[in-house]
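Engineer: Going by this note's numbering, the letters in the sequence shown line up with residues 1 to 634, in that order. We put the CB at the ideal spot given by N, CA and C, even for glycine. Everything numeric in this text was worked out from a predicted model, so none of it was measured.
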Amino acid sequence: MKNLNNIIPDDDGGGRRIIGLSLGAFAMFFLLLSRLWYLQVISAEDLIDQSESNRLRFVPVAAPRGAILDRNGKVLVSNTPSFSVAVIPQDVKNKDQLIDNLARYLNLDRKEIETKWTKGQGRAKYYPLVVASGITRDQMEFLEENRLALSGVNIEMKPIRAYANGSLASHLLGYLGEVSEDELNSERYREYNAGDYIGKSGIERAWESYLHGTDGGRQIEVDARGRFLRTVAETGSSVGNTVMLTIDLDLQKAAEQALGDQAGAAVAMDVNTGEILAFVSSPDFDPALFTGRMPPDVWKKYLEDERHPLENKALKGMYPPGSTFKVITAIAGLEEGLIDEHTTVQCTGSYKFGNATFRCWDHKGHGTVDLKKSLRESCDVYYYKLAERLGVNRIAKYAKAFGLGAPLGIGLENEKGGVIPTEEWKLKRFGKKWYAGETLPVGIGQGYVLTTPVQLASMIGTIANEGTIYRPHLVKRVVDSDGKVLQDYTPQVIGKTGLKPSTYRFVKEGLFAVVNEAHGTGGMSRLWEVKVAGKTGSSQVVKLRDSKGGIPYRFRDHALFVGFAPFEKPEVAVAVIVEHGEHGGSAAAPISGKILRAYFEGKGVIKKPVPKASVKEEAGGDGVAEPDTGAKEE
């Protein structure tokens with residue numbers, strides 16, 4: 001009998017192999033099943049999004065900004081179509097080659113495109129990245145013709161600003177610029193995208209949240225090469241709100257024409273509301289150039305112009321007010337009981353104080369001078385002596401009571417507050433005590449005193465209405481696209497001077513004499529149909545003559561004029577400064593007269609221009625302290 005162990009083979013090895021294969025197959029099946037479960041359950045939504053992004057693209061549609069209108073509804077700023085080049089990074093096969101092509105086709109700096117590309121790296125790869133704005137129609141057609149060589153490139157239409165009156169009121173309206181990386185990281189612009197344009201200055205910046213609008217977008221389907229197939233869905237954009245200003249377009253034009261190409265500023269204000277009717281800073285600039293690529297030669301010209309066309313002089317220019325400040329010194333003297341309308345001073349052409357001699361602008365002297373004559377002929381000696389008796393702190397008290405020395409809060413960013421010095425101010429600012437001799441120049445608006453044109457307009461407006469300080473403001477209301485008023489800005493009283501009525505009466509009589517009486521320094525601002533009152537001023541820059549005895553432009557005195565009208569029932573106040581214009585009576589007063597004439601022509605009070613009579617005017621260089629050479633103040 002055969003041994004069964006010899007008949008039945010030993011299958012331990014085969015069985016183990018079968019078991020091993022079975023376990024391996026099970027493991028593979030389990031892994032496959034797990035992967036399928038992961039893909040279909042855990043990652044389903046992500047994969048669907050990725051799948052959709054391979055064939056769907058979101059194209060943002062920029063919202064048109066709200067319009068900016070003048071007080072009568074005339075358009076100052078609106079919108080016009082512009083074309084931009086956008087790139088979808090995910091569809092770009094060769095980034096460097098694409099950038100080279102775009103730089104060549106669009107005549108752009110390669111680094112400029114790379115910078116914009118880098119700015120958008122943190123966003124989704126399928127989101128359009130704007131690399132060039134404001135391309136010409138020829139450039140757009142060229143890109144369309146070469147579309148196959150420019151994978152991932154799209155041409156978008158975006159509304160850009162259209163300035164109905166060119167550079168008119170450019171500093172007031174401001175300009176747009178592409179949002180910066182720092183701005184994108186700030187809370188204020190967290191809802192914005194790279195390539196968006198925002199207000200960078202003026203009204204455009206201050207009222208950005210109202211003007212910007214809400215962007216929309218289109219979801220489009222593309223093929224494997226990123227070429228457009230169809231629009232899947234679309235969300236409309238919402239236009240920004242309309243901002244209506246207090247500015248009168250016709251008066252603004254007249255004010256700018258009156259100032260011409262001279263450097264300086266002019267502000268016209270309603271004395272009974274604080275509404276700013278004209279707001280001029282000269283020279284101006286072209287705000288449209290800032291939206292696209294600023295030509296290098298134009299930018300260089302702006303930067304090198306010694307008249308500083310990019311500076312908003314009406315808001316941020318700080319100037320010694322010169323003799324226009326004498327109204328404050330006179331008010332202080334009246335309120336403190338140191339003078340009355342009959343108080344006289346003998347002016348011999350100079351005043352000696354310690355070792356220094358302070359000269360009057362009229363070196364021959366004004367003779368016997370009372371309050372009215374001191375204002376009419378702008379006698380410096382009268383105010384040197386009054387300032388000495390008052391002291392700097394009491395002068396500062398009344399200056400600050402009129403809102404000088406601090407921003408008035410007109411609604412634009414970076415408003416300057418000027419300087420009204422005191423003993424404490426000097427000690428804190430320079431670590432030195434105040435000397436009595438330093439008070440005399442302060443009395444005529446020199447020394448450390450600095451004011452802005454807006455502040456001077458407010459000051460003379462407060463004198464005109466006899467004591468109510470209104471906050472100067474530039475916006476009347478904000479209206480949405482349906483005509484609903486979102487904000488209505490009413491007059492805001494920010495202070496009361498609390499002065500005696502007689503103080504205003506005496507000072508205003510002097511200001512009337514400045515314009516309307518013989519020897520008045522402001523005769524060139526006179527209107528025959530409407531009574532004007534005002535004060536001229538010349539603020540010293542530095543006395544430095546060239547080899548021929550002349551004074552270079554940048555060292556000449558500034559010319560100023562402040563005034564209001566009608567004298568009997570004031571409506572409008574004006575402040576004008578002509579940088580390096582030398583004499584307020586001959587340079588600034590005529591400009592003020594033209595602005596006031598335009599205002600009353602607009603109201604129908606003056607029917608047509610009337611030639612001025614031939615009158616010999618006294619327009620001397622008033623209000624400039626001229627200490628003897630080498631004299632030292634104590």
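State the DSSP-derived secondary structure class of alanine 635, mapped to helix, strand or coil.
Structural biologist: Absent from the model: residue 635. The displayed extent of the chain is 1 to 634, so no value can be given.
Engineer: Since isoleucine 591 and alanine 266 should fall inside the 8 angstroms C-beta cutoff, what is the C-beta to C-beta distance between them, to a whole number of angstroms?
Structural biologist: 7 angstroms
Engineer: Could you say which of Val515, Leu450 and Ala575 lies nearest to valine 541 if we only look at CA atoms?
Structural biologist: Leu450
Engineer: Identify the continuous alpha helix (DSSP H) that holds alanine 314 and give its terminal residues.
Structural biologist: 313-316
Engineer: If you count every other CB in all the chains shown that lies within 10 Å of the CB of glutamine 97, and 16 or more means buried, which is it?
Structural biologist: exposed
Engineer: Please name the residue or residues paired with isoleucine 276 in a DSSP beta bridge.
Structural biologist: Met269
Engineer: Starting from cysteine 347, follow its DSSP beta bridges and name the residues at the other end.
Structural biologist: Gly367
Engineer: Quick one: using the 10 Å Cβ neighbour count with 16 as the cut-off for buried, is lysine 373 buried or exposed?
Structural biologist: Buried.
Engineer: Would you kindly check if the distance between the Cβ of isoleucine 198 and the Cβ of valine 662 is under 9 angstroms?
Structural biologist: As shown, the chain starts at 1 and ends at 634. That puts residue 662 outside it, with no answer to give.
Engineer: Applying the criterion that 16 or more other CB atoms from any shown protein chain within 10 Å of the CB defines a buried residue, is threonine 368 buried or exposed?
Structural biologist: With a 10 Å radius around the Cβ and a threshold of 16 neighbouring Cβ atoms, threonine 368 comes out exposed.
Engineer: Taking Cβ to Cβ, would you say isoleucine 113 is nearer than 9 angstroms to leucine 172?
Structural biologist: no
Engineer: By DSSP's criteria, valine 574 is part of a beta bridge. Which residues make up the other side?
Structural biologist: Valine 574 is bridged to Ala268 and Gly563.
Engineer: Quick one: using the 10 Å Cβ neighbour count with 16 as the cut-off for buried, is arginine 657 buried or exposed?
Structural biologist: Past the boundaries of the shown model lies residue 657; the chain is included only from 1 to 634, so the question cannot be answered.
Engineer: Decide if isoleucine 460 is buried, meaning its Cβ has at least 16 other Cβ atoms within 10 Å, or exposed.
Structural biologist: buried
Engineer: Using 10 angstroms around the beta-carbon of alanine 254, count the other beta-carbons present and answer buried if the total reaches 16, otherwise exposed.
Structural biologist: buried
Engineer: For a test of the three-state rule: what should DSSP assign to glycine 483, helix, strand or coil?
Structural biologist: coil
Engineer: Within a Cβ cutoff of 7 angstroms, which residues of the same chain sit near glycine 66, ignoring the five residues on either side of it in sequence?
Structural biologist: Tyr210, Leu211, Gly213, Val239, Gly240, Asn241, Thr242 and Val243
Engineer: Rounded to whole angstroms, what's the CA-CA distance from lysine 432 to aspartate 286? Just pull it up for me.
Structural biologist: Going by the C-alpha atoms only, they are around 45 angstroms apart.
Engineer: Quick one, which of Lys93, Gly585, Val131 and Gln90 has its alpha-carbon nearest arginine 110's?
Structural biologist: Ranking the options by Cα distance to arginine 110, first place goes to Val131.
Engineer: Apart from the five residues just before and just after glycine 405, which ones in its own chain have a Cβ nearer than 7 angstroms to its Cβ?
Structural biologist: Ala399, Gly417, Gly418, Val419 and Ile420
Engineer: Which whole-angstrom value is the C-beta distance of lysine 279 and tyrosine 175, which I expect to be below 8 angstroms?
Structural biologist: Rather than lysine, the amino acid found at residue 279 in this sequence is phenylalanine. 15 angstroms between Cβ atoms; not a contact.
Engineer: Could you check the C-alpha separation between alanine 518 and cysteine 360 for me, to the nearest Å?
Structural biologist: 19 angstroms
Engineer: Helix, strand or coil: which one does DSSP assign to valine 605?
Structural biologist: Coil, per DSSP.
Engineer: Take the Cβ of glutamine 674 as the centre, count every other Cβ of all protein chains shown within 10 Å, and call the residue buried at 16 or more, exposed below.
Structural biologist: The structure shown does not extend to residue 674, since the chain spans only 1 to 634, so no value can be given for it.
Engineer: For aspartate 641, which of Pro501, Ser458, Ser151 and Ser170 has the nearest alpha-carbon?
Structural biologist: The structure shown does not extend to residue 641, since the chain is modelled only from 1 through 634, so no value can be given for it.
Engineer: Round the Cβ separation of alanine 263 and glutamate 579 to the nearest angstrom and send it over; I've been treating them as touching at under 8 angstroms.
Structural biologist: 4 angstroms
Engineer: Which of the three DSSP states, helix, strand or coil, is assigned to phenylalanine 358?
Structural biologist: In the structure shown, phenylalanine 358 sits in a strand (DSSP, three-state: E or B).
Engineer: If I follow the unbroken alpha helix (DSSP H) through valine 514, where does it start and stop?
Structural biologist: 501-516
Engineer: Got a sec? Which residues, its chain only, sit under 7 angstroms from valine 345 by beta carbon, not counting five neighbours each side?
Structural biologist: The residues are Val369, Val381, Tyr382 and Lys385.
Engineer: So what does DSSP say about methionine 294, is it helix, strand or coil?
Structural biologist: The answer is coil: DSSP assigns methionine 294 none of H, G, I, E or B.
Engineer: Measure the Cβ-Cβ separation of valine 514 and leucine 371 and say whether it is below 9 angstroms.
Structural biologist: no
Engineer: At the level of alpha carbons, what is the spacing between lysine 428 and lysine 397?
Structural biologist: 18 angstroms
Engineer: Are three or more beta carbon pairs between the region 294-302 and the region 487-506 nearer than 8 angstroms?
Structural biologist: no
Engineer: By the DSSP assignment, the beta strand (DSSP E) with lysine 397 in it spans what residues?
Structural biologist: It is not in any beta strand (DSSP E) - lysine 397 instead sits in the alpha helix (DSSP H) that spans 392-401.
Engineer: Looking only at its chain, what residues have a beta carbon closer than 8 angstroms to the beta carbon of isoleucine 410, apart from the 5 residues adjacent to it on each side?
Structural biologist: Ile276, Leu315, Val454, Arg471, Pro472, His473 and Leu474
Engineer: Quick check on the burial criterion: 16 or more other C-beta atoms within 10 angstroms. Buried or exposed for arginine 556?
Structural biologist: buried
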